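Residues are numbered in our numbering as their position in the sequence shown, beginning at 1, plus a constant of 170. So the structure is just underneath, and the comments pick up after that.
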Amino acid sequence: MTTPPPEQDAPHVKTVLRLAAVMQRHALLFSVPLAVAAVVLGAVLRGTPGLVGALLGAVLGLAAGLVTTLVMRGTARTSPAGVMIGAMTSLAGKILLLMVFLVAFRGTTLFDNQAFGFTLLAVTVGWIAGEVVVSDRPKAPVLDL
171 MTTPPPEQDA
181 PHVKTVLRLA
191 AVMQRHALLF
201 SVPLAVAAVV
211 LGAVLRGTPG
221 LVGALLGAVL
231 GLAAGLVTTL
241 VMRGTARTSP
251 AGVMIGAMTS
261 LAGKILLLMV
271 FLVAFRGTTL
281 FDNQAFGFTL
291 LAVTVGWIAG
301 EVVVSDRPKA
311 PVLDL
């Protein structure tokens with residue numbers, strides 16, 4: 171009795187997994203220092219509410235960015251269209267969750283809204299910048315035949 175040979179991955183799987191890993195590493199290199207600086211600035215300029223707001227913004231920004239690369243890894247073995255559907259669905263989900271968070275904490279005094287907003291913006295821009303810089307480098311094939 172022979173064992174069937176292991177199923178071979180589609181050509182795009184290796185590319186997507188490698189790109190997700192590189193994107194995540196560079197995005198973290200760009201966004202984590204921004205998060206740390208924003209938390210320190212929030213604490214110095216706005217006190218404890220600024221610290222809490224900046225921490226929340228940093229955590230939400232980093233978590234949203236990580237979701238993207240985790241979804242890429244999770245959908246890598248589907249078709250290229252499946253990877254794109256996963257990415258677009260995760261984007262819509264992140265926007266929806268952020269909207270729910272903002273509505274739930276509208277007018278709150280638990281944290282400083284400005285520190286939260288500026289930190290979330292800085293971390294998100296840093297994350298996207300890290301992804302853009304890397305996505306230009308690997309020269310991954312656009313079409314796998």
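Ideal Cβ placement from N, Cα and C applies to all residues, glycine included. No experiment lies behind these values; they were computed from the predicted model shown.
Grab me the residues of residue i's own chain with a C-beta within less than 6 Å of its C-beta, minus the 5 sequence neighbours each way, in chain order.
i: proline 250; result: His182
i: arginine 216; result: Asp282 and Ala285
i: leucine 267; result: none
Flag this pair as yes or no: are the beta carbons of residue i and residue j separated by less than 8 Å?
i: glycine 296; j: phenylalanine 200; result: yes
i: alanine 257; j: threonine 238; result: yes
i: alanine 285; j: leucine 204; result: no
i: glycine 300; j: alanine 197; result: yes
i: glycine 231; j: leucine 221; result: no
i: histidine 187; j: arginine 243; result: According to the sequence provided, residue 187 is leucine. The question's histidine does not apply to it. Yes, the pair counts as a contact, with Cβ atoms nearer than the cut-off.
i: valine 273; j: valine 192; result: no
i: arginine 247; j: aspartate 306; result: no
Kindly list the residues whose CB is nearer than 7 Å to the CB of residue i, restricted to its own chain and excluding five residues on each side of it in sequence; keep chain order.
i: asparagine 283; result: Gly223
i: proline 219; result: Phe281 and Asp282
i: leucine 226; result: Phe281 and Phe286
i: valine 241; result: Gly256, Ala257 and Ser260
Whole-angstrom Cβ separation of residue i and residue j, contact assumed at under 8 Å?
i: threonine 245; j: valine 253; result: 5 Å
i: valine 209; j: threonine 289; result: 7 Å
i: alanine 316; j: threonine 294; result: The requested residue 316 is not part of the displayed model; the chain covers only 171 to 315.
Which residues bound the alpha helix (DSSP H) around residue i?
i: arginine 216; result: 181-245
i: leucine 266; result: 250-274
i: threonine 294; result: 283-305
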